[in-house]
Each structure stands twice: as C-alpha cells, then as structure tokens.
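Contents: one structure, followed by commentary.
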Amino acid sequence: MRRAAGPTAAKLLPSERPWRVWAGNSPGFDGLNQRCGRHRADGATLAHMTALAKTIPLEQYFAGRDPLARTLFDAVSAAVLSIGDAEVRVTTSQIAFRRQRSFAWTWLPAQYLSGSVAPLVLTVDLDRFDTSSRWKEVVEPTLNHFMHHLELHSADDLDPGVLACLREAWAQAG
Numbered sequence: 001m002r003r004a005a006g007p008t009a010a011k012l013l014p015s016e017r018p019w020r021v022w023a024g025n026s027p028g029f030d031g032l033n034q035r036c037g038r039h040r041a042d043g044a045t046l047a048h049m050t051a052l053a054k055t056i057p058l059e060q061y062f063a064g065r066d067p068l069a070r071t072l073f074d075a076v077s078a079a080v081l082s083i084g085d086a087e088v089r090v091t092t093s094q095i096a097f098r099r100q101r102s103f104a105w106t107w108l109p110a111q112y113l114s115g116s117v118a119p120l121v122l123t124v125d126l127d128r129f130d131t132s133s134r135w136k137e138v139v140e141p142t143l144n145h146f147m148h149h150l151e152l153h154s155a156d157d158l159d160p161g162v163l164a165c166l167r168e169a170w171a172q173a174g
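Everything in the sequence shown is counted per the UniProt record's numbering, starting at 1 for the first residue and increasing by one.
In structure tokens, the structure reads:
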C-alpha cells in the first residue's frame with residue numbers, strides 16, 4: 001500500500017481509502033442519507049448506510065456539556081415538531097431531524113472547534129441558497145443542497161426567518 005509523502009505520510013492516499021464520502025464531510029452534514037450516498041472506492045454503493053450509524057440516548061449526548069446547549073436543543077426540537085412529524089436520530093456527533101431524508105441537524109461546535117464557540121449550532125438543508133446574513137456559513141456539499149449553519153446563543157435566535165427555513169426544509173425532506 002502506497003503512502004502519501006511529507007507531513008501526511010501516515011495517511012492513506014484518497015484512492016486507498018476503503019470509503020469515500022462524496023456528499024461532503026462537514027459537521028452538521030451526515031452524508032449518509034443524501035441522494036449521492038456513500039460509495040466504496042471500487043464504485044459499489046453501500047445501501048442503507050443510515051441504519052449503520054450508532055445511535056445513543058439524548059441524555060448521553062448532552063452529558064457533561066453546557067446546560068444551555070440542551071435548552072437550545074429543546075427549543076429547536078419544539079420548533080421542528082410544531083411543523084410536523086419528524087424522526088429524531090441522536091448519534092455521538094450530532095442530532096438529526098428526518099423525514100424521508102434528514103433536513104436539519106444540531107451539533108455541539110465545542111466537539112470540533114477550540115476557543116469561544118456557540119453552545120449549539122443548527123444546520124438546515126435547503127434546496128436553495130438563503131441570502132440572509134443570519135447564517136454563520138452556507139456550504140453546498142452536493143448540487144442544490146445548501147447547508148445553512150446558524151450559531152445559537154439563545155432561543156431568540158430562532159426568529160421567524162429561521163422557522164420559515166425549517167418549514168421549507170421539512171417540506172422538501174418528503
């Protein structure tokens with residue numbers, strides 16, 4: 001097996017990795033249930049990847065974390081469930097809200113970033129780019145899937161514009 005040269009010598013070359021995530025790999029984007037899915041390096045698709053994600057209890061996800069993060073999550077969850085039914089899937093890295101596909105995620109930036117960070121981030125998957133300045137970052141991991149990241153510091157951050165985006169994402173998720 002060839003190794004990359006230089007400071008990344010211990011890492012496998014991209015062609016040698018058994019799995020490639022074509023859909024993206026940013027926090028808040030699980031890449032498991034999107035249309036493009038995951039593919040083996042030989043091109044074979046791994047069906048039902050979402051069933052393989054290890055779920056954990058909600059209490060375990062927030063154990064030892066900022067209590068404000070749980071309060072903010074409860075506000076997001078109430079907002080999503082006021083729109084309509086959605087499955088809540090808790091993994092070690094994030095909490096996904098799903099219908100036929102995931103449409104919103106919450107995650108703890110302190111798991112990934114150092115320094116002063118928001119207690120919780122809400123990520124919303126829209127089929128369009130929302131130009132509002134409220135979003136911390138917007139990325140397009142796959143064609144026409146725009147991941148809008150919003151730092152939550154208080155429940156007031158869930159303003160009517162954010163709720164409208166959640167409603168739109170919920171509808172698009174089937």
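A virtual CB, placed ideally from N, CA and C, is assigned to each residue, including glycine.
Quick one: measure Cβ to Cβ for L163 and L122, integer angstroms, because I've assumed they're closer than 8 Å. Working through the sequence shown from its first residue, we reach residue 163 at position 163. Working through the sequence shown from its first residue, we reach residue 122 at position 122. Beta-carbon to beta-carbon, L163 and L122 are separated by about 11 Å, too far to satisfy the 8 Å threshold.
From D85 to Q172, what does the alpha carbon distance come to, in whole angstroms? For the purposes of this step, residue 85 is taken as residue 85 along the sequence shown, with counting starting at 1. For the purposes of this step, residue 172 is taken as residue 172 along the sequence shown, with counting starting at 1. The straight-line gap from Cα to Cα measures roughly 13 Å.
Taking the straight line between their C-alpha atoms, what separation do you get for D159 and K54? As a position in the sequence shown, residue 159 is number 159, starting the count at 1. As a position in the sequence shown, residue 54 is number 54, starting the count at 1. C-alpha separation (whole angstroms): 32 Å.
Tell me the rounded alpha-carbon separation between S132 and I56. Within the sequence shown, residue 132 is the residue found at index 132, counting from 1. Within the sequence shown, residue 56 is the residue found at index 56, counting from 1. Across the structure, S132 and I56 are spaced so that their CA atoms are roughly 34 Å apart.
6 Å Cβ shell around H145 - same chain, five flanking residues per side excluded: Here residue 145 corresponds to residue number 145 of the sequence shown, with the count starting at 1. The answer, listed in chain order, is D125.
Would you call the CB atoms of V90 and F97 closer than 8 Å? Stepping through the sequence shown from its first residue, residue 90 is reached at position 90. Stepping through the sequence shown from its first residue, residue 97 is reached at position 97. Contact flag unset, no.
To the nearest angstrom, how far is the alpha carbon of A63 from that of T92? As a first step, residue 63 must be located in the sequence shown, where it is residue number 63. As a first step, residue 92 must be located in the sequence shown, where it is residue number 92. Rounded to the nearest whole angstrom, the C-alpha separation of A63 and T92 is 11 Å.
What are the uninterrupted segments assigned as beta strand (DSSP E) that are 3 or more residues long and contained completely in the segment 93-125, given in chain order? Entirely contained in the segment 93-125, the beta strand (DSSP E) runs reaching 3 residues are, in chain order, 95-98, 102-107.
Let me check understanding here. Comparing Cα to Cα, which of Q111, Q60, A104 lies closest to residue 176? In the structure as shown, the chain begins at 1 and stops at 174. Residue 176 is therefore absent and cannot be evaluated.
Closest by CA to W135, which one among A110, D157, F73, R65? Locating residue 135 in the sequence shown gives position 135, where the first residue counts as 1. The option with the nearest alpha carbon to W135 is D157.
For R70, does the three-state DSSP call read helix, strand or coil? As a first step, residue 70 must be located in the sequence shown, where it is residue number 70. Three-state DSSP puts R70 in a helix.
Give every residue of the same chain whose Cβ lies closer than 8 Å to the Cβ of R128, excluding the five residues on either side of it in the sequence, and list them in chain order. Walking along the sequence shown from the start, residue 128 turns up at place 128. Close CB contacts of R128 within its chain, under the 8 Å cut and outside five residues either way in sequence, are with N144, F146 (chain order).
In terms of DSSP beta bridges, what is V139 paired with? On the sequence shown, residue 139 is found 139 positions in, with the first residue counted as 1. Checking the DSSP bridge columns, you'll see V139 partnered with M147.
Chain-order list of residues whose beta-carbon lies under 7 Å from that of G28 (same chain, five-residue window excluded): Indexing the sequence shown from 1 puts residue 28 at position 28. Residue placement at G28 is poorly supported in this model, since its pLDDT is 47, which falls under 50; the coordinates are not used for a value here.
Verify the CB distance criterion: does M147 have a CB-CB separation below 8 Å to chain B? Although the question refers to chain B, the structure presented lacks it and comprises just one protein chain.
From this set, P141, S102, Q111, V80, which residue's C-alpha is nearest D66's C-alpha? Translated into the one-based positions of the sequence shown, residue 66 becomes position 66. Checked all of P141, S102, Q111, V80; the closest Cα to D66 is Q111.
Just to confirm, is the Cβ distance from A75 to A155 under 8 Å? On the sequence shown, position 75 is the one that residue 75 refers to. On the sequence shown, position 155 is the one that residue 155 refers to. Yes, they are a contact pair.
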